[in-house]
RNA sequence: GCACCGUUAGCUCAACUGGAUAGAGCGUUGGUCUACGGAACCAAAGGCUAGGGAUUCGAAUUCCUUACGGUGCACCA
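Numbering (our numbering), first residue to last: 353 to 907.
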């Protein structure tokens with residue numbers, strides 16, 4: 353039940369909607385509140401007076417147990433017994449499905465994320481798009497949407513001509529096969545260091561050969577591509593990330609012309625300095641380049657084709673682009689161009705922008721070797737997790753497996769805990785910290801809850817009419833917030849809300865856990881506390897799972 | 001130069017989108033050790049929400065302005 357809706361309906365005052373019902377700063381005041389200041393103008397009375405009058409009119413019932421008027425606020429306390437009963441029984445009943453809904457049924461959401469470049473290994477700069485997109489995928493799926501995860505591969509451009517050129521000059525087949533993506537990347541880096549004008553020209557020619565369908569060039573390219581995909585898939589597996597489509601830039605090679613024709617037909621295309629552009633000056637933006645002066649297409653051209661293709665293929669309700677804010681202008685431009693083309697769905701395109709990652713000593717630079725590879729971060733976290741486990745719980749059987757879950761959780765969680773728009777300075781100290789507001793804390797809490805349940809050795813049975821104490825009630829209120837949090841995270845494209853929620857719930861549970869004994873109690877108290885513990889365990893697991901993080905039963 | 005984004009405790013960040021006394025974690029100091037899992041819990045200290053104006057019952061949140069930092073601005077992706 354949504355208490356805000358209930359209260360608003362019960363009040364039945366013009367101008368008061370569920371969204372006007374707020375949460376008081378602390379729970380001693382109440383569980384919900386209505387600020388009456390807005391009503392002062394309508395009723396031409398002081399807010400204090402209005403609150404007082406509304407209080408007197410309000411009849412408490414089985415849902416709202418108490419109303420008070422304080423300084424212009426009307427505070428409500430909800431029936432603790434009823435809330436406890438409702439929330440816990442719902443969680444016990446729905447289990448892993450708690451928080452999920454059908455509200456997105458029949459609607460498709462496309463999410464363009466991660467979008468790796470061929471021949472470039474993953475560094476920590478690629479982590480945000482991957483885990484934010486991955487989490488949004490799970491969050492929307494949880495709300496019943498049909499989700500299409502798209503890895504818009506960076507597989508188009510002269511750099512692949514350079515790569516082939518470098519391979520032809522220095523490459524050894526066996527070494528590349530063995531070294532995989534790092535070997536390819538090394539060739540590319542070497543090209544950029546050593547190439548002269550002749551090689552540059554050669555590279556352009558190789559790119560042309562790829563484009564014109566030359567057999568050898570394409571075979572090489574496909575080989576590099578498959579080595580790249582093989583590599584990234586091992587990382588996606590670890591991060592619990594999946595894709596439904598790997599249609600990258602090249603995929604749109606033959607889908608751009610119709611878009612260009614349409615732009616022409618609609619008189620949007622203009623020549624400027626030899627290039628074909630869409631003029632966006634009236635909208636305060638630089639022009640959107642469609643064709644270079646040599647007739648070649650550009651990034652924007654392919655994105656226009658891709659958006660059109662996705663609409664035609666998936667008929668999306670929304671299409672999200674999880675791409676760093678560096679590309680704010682680019683997306684503003686292509687969204688505007690589609691709008692000018694008269695596409696009503698242009699409004700359904702959303703650039704989900706996130707902040708950039710830098711290192712403590714400045715920006716990353718592949719060329720200067722100032723890079724932190726994602727694989728290294730992962731393995732360090734897993735190693736650390738292993739050593740902590742070995743120290744704290746040496747008897748544990750499957751230590752490596754659990755260390756993997758814990759270590760990867762730390763990597764993912766670290767990238768998801770803050771508002772996505774904020775820049776991040778990467779530090780090993782931070783991801784390797786397993787205390788406080790971390791995934792490890794949440795996982796630990798989960799394991800702790802699980803341990804209590806196991807030790808009890810009894811079936812979970814929620815007693816009727818149990819009156820929760822304060823610590824218990826705080827946990828219950830937090831539990832009740834989960835479905836709303838999932839919806840918020842989807843509405844705001846903000847997985848950090850889930851991460852923060854998980855920590856908050858874990859904190860409240862731990863407080864309860866320290867204050868209230870469970871197994872040494874008996875009867876209703878024990879049964880209720882076990883049911884509460886089980887509910888927390890279920891909800892924390894569900895929250896972590898939306899982020900792609902596992903929750904070991906023991907750790 | 002223009003545009004967009006950011007600035008909250010020593011550090012890293014929240015604040016349910018305009019509501020009551022701005023909250024957490026880390027770090028610091030002091031406590032809880034018969035532990036249902038101490039990867040935990042409690043307490044203390046720490047704030048003119050970068051500065052200045054405006055809007056109103058009420059501003060960290062909206063508007064203007066200044067400073068600092070970041071990003072982007074025509075044939076790369």
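A virtual CB, placed ideally from N, CA and C, is assigned to each residue, including glycine. What you are looking at is a predicted structure, and each value in this text was computed from that prediction instead of being measured.
Please report how far the alpha carbon of residue i lies from the alpha carbon of residue j, in whole angstroms.
| i | j | result |
| --- | --- | --- |
| residue 396 | residue 487 | 48 Å |
| residue 433 | residue 440 | 11 Å |
| residue 594 | residue 490 | 10 Å |
| residue 481 | residue 469 | 13 Å |
| residue 725 | residue 732 | 11 Å |
| residue 752 | residue 865 | 29 Å |
| residue 717 | residue 855 | 34 Å |
| residue 885 | residue 378 | 23 Å |
| residue 643 | residue 571 | 28 Å |
| residue 522 | residue 720 | 21 Å |
| residue 392 | residue 422 | 15 Å |
| residue 504 | residue 659 | 11 Å |
| residue 509 | residue 655 | 14 Å |
| residue 516 | residue 649 | 21 Å |
| residue 547 | residue 608 | 32 Å |
| residue 361 | residue 394 | 19 Å |
| residue 861 | residue 868 | 10 Å |
| residue 506 | residue 560 | 17 Å |
| residue 624 | residue 543 | 33 Å |
| residue 838 | residue 581 | 31 Å |
| residue 647 | residue 762 | 47 Å |
| residue 389 | residue 366 | 14 Å |
| residue 501 | residue 450 | 23 Å |
| residue 458 | residue 845 | 20 Å |
| residue 520 | residue 566 | 15 Å |
| residue 829 | residue 820 | 11 Å |
| residue 363 | residue 376 | 18 Å |
How about residue i and residue j: are their beta carbons less than 8 Å apart?
| i | j | result |
| --- | --- | --- |
| residue 598 | residue 460 | no |
| residue 553 | residue 604 | no |
| residue 888 | residue 827 | yes |
| residue 494 | residue 898 | yes |
| residue 668 | residue 700 | yes |
| residue 640 | residue 686 | yes |
| residue 587 | residue 474 | yes |
| residue 883 | residue 812 | yes |
| residue 841 | residue 849 | yes |
| residue 847 | residue 484 | yes |
| residue 697 | residue 744 | no |
| residue 901 | residue 765 | yes |
| residue 758 | residue 742 | no |
| residue 418 | residue 412 | yes |
| residue 853 | residue 834 | yes |
| residue 496 | residue 557 | no |
| residue 760 | residue 730 | yes |
| residue 443 | residue 797 | no |
| residue 823 | residue 863 | yes |
| residue 416 | residue 359 | yes |
Check the C-beta distance from residue i over to residue j and give it rounded, since I have them as a contact under 8 Å.
| i | j | result |
| --- | --- | --- |
| residue 799 | residue 904 | 6 Å |
| residue 518 | residue 527 | The Cβ separation is near 13 Å, so there is no contact. |
| residue 871 | residue 808 | 6 Å |
| residue 387 | residue 447 | Not confirmed; about 38 Å, so no contact. |
| residue 814 | residue 771 | Contact doesn't hold; Cβ gap of about 37 Å is too wide. |
| residue 896 | residue 740 | Not quite, the Cβ-Cβ distance comes to about 18 Å (not below 8 Å), so this is no contact. |
| residue 576 | residue 562 | With 8 Å as the limit, residue 576 and residue 562 do not qualify as a contact, their Cβ atoms being about 11 Å apart. |
| residue 430 | residue 471 | Rounded, the Cβ-Cβ distance is 58 Å, inconsistent with contact. |
| residue 734 | residue 778 | Actually they do not touch by this definition, with Cβ atoms about 17 Å apart. |
| residue 407 | residue 426 | 6 Å |
| residue 748 | residue 514 | At roughly 49 Å, the Cβ-Cβ gap does not stay under 8 Å, so residue 748 and residue 514 are not in contact. |
### Query
Mind pulling the beta strand (DSSP E) runs of 3 or more residues that sit fully within the segment 415 to 480?
416 to 422, 425 to 430, 460 to 464
### Residue ranges of each beta strand (DSSP E) within the segment 667 to 727, 3 or longer
670 to 676, 701 to 706, 709 to 711
### Task
Tell me, please, whether the segment 698 to 714 touches the segment 673 to 681 by the rule of three or more beta-carbon pairs shorter than 8 Å.
yes
#### Entry: Stretch pair the segment 677 to 692 + the segment 626 to 644: three plus CB contacts closer than 8 Å
yes
### Task
Spell out a yes or no on whether the segment 549 to 567 and the segment 577 to 593 are touching, meaning 3 or more CB-CB pairs, one atom from each, closer than 8 Å.
no
### Message
I'd like the ranges of any alpha helix (DSSP H) spanning at least 4 consecutive residues and lying wholly in the segment 800 to 858.
### Response
822 to 832, 834 to 843
### Task
For the segment 354 to 364 and the segment 382 to 389, state whether three or more C-beta atom pairs, one from each stretch, are separated by less than 8 Å.
yes
### Query
Does the pairing of the segment 780 to 794 with the segment 386 to 406 give three or more beta-carbon distances under 8 Å?
no
### Residue ranges of each alpha helix (DSSP H) within the segment 503 to 590, 4 or longer
510 to 522, 525 to 546, 549 to 563
### Task
Taking only runs that begin and end inside the segment 613 to 677, name each unbroken alpha helix (DSSP H) of 4 or more residues, in chain order.
651 to 666
### Message
Runs of 3 residues minimum, wholly inside the segment 755 to 791: which ones carry the beta strand (DSSP E) assignment?
### Response
776 to 778
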